[in-house]
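Below is one structure, written out as structure tokens; the observations come after it.
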Amino acid sequence: MLRSAARPDDIRRHNLGLLLEEIHRHGELSRAELTQRLGLNRSTIGVLVADLTELGLVSEFVPSRRDRAGRPSHMVGPSGDGPFAVAVDIEVDRVASAAVGLTGQVLNRQESTLEPSERGASHVAGVIASHVKSLIAGAAGESWPVGVGISVPGTVTRDGLCISLSPNLNWRDLAFAAMIADRLHEEQPVQLPIELGNDADLGVMAEHLRGAARDCEDVVYLTGRIGVGAGIVTNGVALRGHDGRAGEIGHVVLDPAGPLCHCGNRGCAETYIGQAAVLATVGQKAGTTSSAAAWLQSLVRSGDEAAITGLRSIANPLGRTLANLVNVLNPQRVVLGGLLAAVIEVAQEDVEAALNKHAFDTAHGSLQLCGAGLGQDSSLLGAAELAFKGLLANPFSRP
Ligand SMILES: [Zn+2]
Numbered sequence: 137m138l139r140s141a142a143r144p145d146d147i148r149r150h151n152l153g154l155l156l157e158e159i160h161r162h163g164e165l166s167r168a169e170l171t172q173r174l175g176l177n178r179s180t181i182g183v184l185v186a187d188l189t190e191l192g193l194v195s196e197f198v199p200s201r202r203d204r205a206g207r208p209s210h211m212v213g214p215s216g217d218g219p220f221a222v223a224v225d226i227e228v229d230r231v232a233s234a235a236v237g238l239t240g241q242v243l244n245r246q247e248s249t250l251e252p253s254e255r256g257a258s259h260v261a262g263v264i265a266s267h268v269k270s271l272i273a274g275a276a277g278e279s280w281p282v283g284v285g286i287s288v289p290g291t292v293t294r295d296g297l298c299i300s301l302s303p304n305l306n307w308r309d310l311a312f313a314a315m316i317a318d319r320l321h322e323e324q325p326v327q328l329p330i331e332l333g334n335d336a337d338l339g340v341m342a343e344h345l346r347g348a349a350r351d352c353e354d355v356v357y358l359t360g361r362i363g364v365g366a367g368i369v370t371n372g373v374a375l376r377g378h379d380g381r382a383g384e385i386g387h388v389v390l391d392p393a394g395p396l397c398h399c400g401n402r403g404c405a406e407t408y409i410g411q412a413a414v415l416a417t418v419g420q421k422a423g424t425t426s427s428a429a430a431w432l433q434s435l436v437r438s439g440d441e442a443a444i445t446g447l448r449s450i451a452n453p454l455g456r457t458l459a460n461l462v463n464v465l466n467p468q469r470v471v472l473g474g475l476l477a478a479v480i481e482v483a484q485e486d487v488e489a490a491l492n493k494h495a496f497d498t499a500h501g502s503l504q505l506c507g508a509g510l511g512q513d514s515s516l517l518g519a520a521e522l523a524f525k526g527l528l529a530n531p532f533s534r535p
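And the structure:
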């Protein structure tokens, strides 16, 4: 919206950012829809679209098919040769990276598995740098990278530059963005902004923007990976906590006499619903497959009885973990990612029964449980959002 007491350049930049944000969120929109959504008049929208077109960020076209009588409104969409984000998703046993277009479409992918001996921060930084270079080199036409967003299985400092603790990788206090920047600059002067985020926080961001929680302002996303974390959006706003450590639901103690957790406590939720525990129920050991979640989902969909029975045994601890979340946060929806999406697919009723047994007064609530809308890409697409942030705030800021 137009702000008073602002300089004309500020107003223009602000409005360009708002228009670009609409395209970023919703994809192609007609000029008429943009006029309505932004509350600006038609001629102002025309000028803003022309500016963004000149910057190479959007393009306009006339739809060939007419749904209504009369002159069709011009459509505005992302430029085919426009900006893209380089998104990176670090898991304990693999790194997945992608070039992601302005409207969240994956344009190109890279993936590397990490053997136990390859999980040092220096090696992983090298893998990421090679992915980034390769994705940039393979980009189409005149398109250009706006930045690098990196999803981390651990806690990240508020400035998004350092990893505080990644327990499953055994990384602590690392200036990881600088490590990546050093490697990118080794061969070529790639000066891209680099920002880190926690995998669960980025997962909920992407599910809220483009996935299973688009219409929902109070949502929790649970990563179902080697570690289990919760990304939280409450009243439409991300909740990160004072030091960015909110949502470490994997270390809520379900049974003080339970199995030893790597954090030093006993009976943490992660020891019951983390990847090692889930794979054990289907007769697999952790680390034997690089993308355990995709593999498990394919077993479930092929009707593998042993896998389905194994996953059902996770329903009770998952329901109890969710009860803790629900008692504290009262979300409208919980979105389950990774391996936990497969559990909910085969055992939704059992999970809900355990949840209702342990949560306070769910009879009066309307909690919805569902699998991730973005499949295994929730955290990856959230990382792309980190990279797009600067461009959306200032569409003139081409790196
Ligand atoms: Zn623990």
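First residue of the sequence shown? That's 137 in this note's numbering, and the numbers climb one at a time after it. Cβ atoms here follow ideal geometry from the backbone N, Cα and C, with glycine treated the same way.
- How do the stretch 376-388 and the stretch 399-413 stand: do at least 3 beta-carbon pairs fall below 8 Å, yes or no? yes
- Message: Measuring only from the beta carbon, is N304 closer than 7 Å to any heavy atom that is part of ligand 1?
- Response: Reading the sequence shown from its first residue, position 168 is the one you call residue 304. N304 Cβ: outside cutoff for every heavy atom of ligand 1.
- Just the C-alpha distance for T300 and W280, rounded to the nearest angstrom, thanks. Locating residue 300 in the sequence shown gives position 164, counting from the first residue. Locating residue 280 in the sequence shown gives position 144, counting from the first residue. Thr is not the amino acid found at residue 300; the sequence shown has Ser there. For S300 and W280, the distance between alpha carbons rounds to 31 Å.
- Query: Between N460 and ligand 1, is the CB less than 7 Å from at least one heavy atom?
  - Reply: Translated into positions along the sequence shown, residue 460 becomes position 324. Every heavy atom of ligand 1 is 7 Å or more from the Cβ of N460, so no.
- Query: Which residues bound the alpha helix (DSSP H) around F524?
  - Reply: Within the sequence shown, residue 524 is the residue found at index 388, counting from 1. Here the alpha helix (DSSP H) through F524 covers 514-529.
- Just to confirm, does C298 get its C-beta within under 7 Å of one of the non-hydrogen atoms of ligand 1? Along the sequence shown, read from residue 1 onward, the residue named residue 298 stands at position 162. Incorrect: C298 has no Cβ contact closer than 7 Å to ligand 1.
- Message: At 3 residues or longer, what runs of the beta strand (DSSP E) sit wholly inside the stretch 260-306?
- Response: 280-288, 299-302
- Message: Distance check for L517 and G240, CA to CA, integer angstroms please.
- Response: Stepping through the sequence shown from its first residue, residue 240 is reached at position 104. Stepping through the sequence shown from its first residue, residue 517 is reached at position 381. In a straight line, the C-alpha of G240 is about 7 Å away from that of L517.
- Coil, strand or helix - R178 by DSSP: Here residue 178 corresponds to residue number 42 of the sequence shown, with the count starting at 1. In the structure shown, R178 sits in a helix (DSSP, three-state: H, G or I).
- On the three-state DSSP scale, how would you describe L331? Position 195 of the sequence shown, counting from 1, holds the residue named residue 331. The sequence shown places Glu at residue 331, rather than the Leu named in the question. Three-state DSSP puts E331 in a strand.
- Item | Residues that D225 bridges to, as DSSP identifies them | Here residue 225 is taken as the residue at index 89 of the sequence shown, counted from 1. Looking at the DSSP output, D225 sits in a beta bridge with A232, S287.
- Task: Just grab the DSSP bridge partners of I569 for me.
- Result: Because the chain spans 137 through 535 in this model, residue 569 falls outside it and cannot be assessed.
- Could you give the distance in angstroms between the alpha-carbon of V260 and the alpha-carbon of D354? Residue 260 sits at position 124 when you count from the first residue of the sequence shown. Residue 354 sits at position 218 when you count from the first residue of the sequence shown. Cα to Cα, the separation comes out at about 34 Å.
- Query: For E157, which option in I147, L174, V436, D145 has the closest C-alpha, if you only look at C-alpha atoms?
  - Reply: On the sequence shown, position 21 is the one that residue 157 refers to. Taking only the C-alpha atoms, the option nearest E157 is L174.
- Task: Put T249 into one of helix, strand or coil per three-state DSSP.
- Result: Here the question's residue 249 lines up with position 113 in the sequence shown. Looking at T249 - three-state DSSP - the assignment turns out to be strand.
- Message: For D486, which residues in the same chain have their Cβ closer than 8 Å to its Cβ, ignoring the five residues on either side in sequence?
- Response: Numbered from 1 along the sequence shown, position 350 holds the residue referred to as residue 486. Excluding residues within five positions, the ones whose Cβ falls inside 8 Å are R448, A451, N452, G455.
- Query: Do you know whose CA, among G400, R469, A429, lies nearest I368's CA?
  - Reply: Counted from its first residue, the sequence shown places residue 368 at position 232. Checking every option, the nearest Cα to that of I368 belongs to R469.
- Task: Give the C-beta separation of A257 and N244 to the nearest angstrom, bearing in mind that I take them to be a contact with Cβ-Cβ under 8 Å.
- Result: Position 121 of the sequence shown, counted from the start, is the residue given in the question as residue 257. Position 108 of the sequence shown, counted from the start, is the residue given in the question as residue 244. About 25 Å separates the Cβ atoms of A257 and N244, ruling out a contact at the 8 Å cut-off.
- Integer-rounded CB distance, given that D225 should sit under 8 Å from S515: As a first step, residue 515 must be located in the sequence shown, where it is residue number 379. As a first step, residue 225 must be located in the sequence shown, where it is residue number 89. So it is a contact: roughly 5 Å between Cβ atoms.
- Task: Measure the Cβ-Cβ separation of G237 and I159 and say whether it is below 8 Å.
- Result: In the sequence shown, residue 237 corresponds to position 101, counting from 1. In the sequence shown, residue 159 corresponds to position 23, counting from 1. Not closer than 8 Å, so no.
- Query: Taking the Cβ atom as the reference point for each residue, do S539 and A223 lie within a distance shorter than 8 Å?
  - Reply: Only positions 137 to 535 of the chain appear in the structure, and residue 539 is not among them; the question remains open.
- Are at least three pairs of beta-carbons, each pair with one atom in the stretch 328-340 and one in the stretch 308-315, less than 8 Å apart? The stretch 328-340, when compared against the stretch 308-315, does touch it at the 8 Å Cβ threshold.
- Task: Return the Cβ separation of E343 and G182 in integer angstroms, given the expectation that the two are a contact with Cβ distance under 8 Å.
- Result: In the sequence shown, residue 343 corresponds to position 207, counting from 1. In the sequence shown, residue 182 corresponds to position 46, counting from 1. No, E343 and G182 are not in contact; Cβ-Cβ is about 34 Å, not under 8 Å.
- Item | V263 versus S248: straight-line alpha-carbon distance, rounded | For this step, residue 263 is matched to residue 127 along the sequence shown. For this step, residue 248 is matched to residue 112 along the sequence shown. V263 and S248: Cα-Cα distance of roughly 8 Å.
- Query: Are F220 and A275 close, meaning C-beta to C-beta below 8 Å?
  - Reply: As a position in the sequence shown, residue 220 is number 84, starting the count at 1. As a position in the sequence shown, residue 275 is number 139, starting the count at 1. Cβ atoms of F220 and A275: closer than 8 Å.
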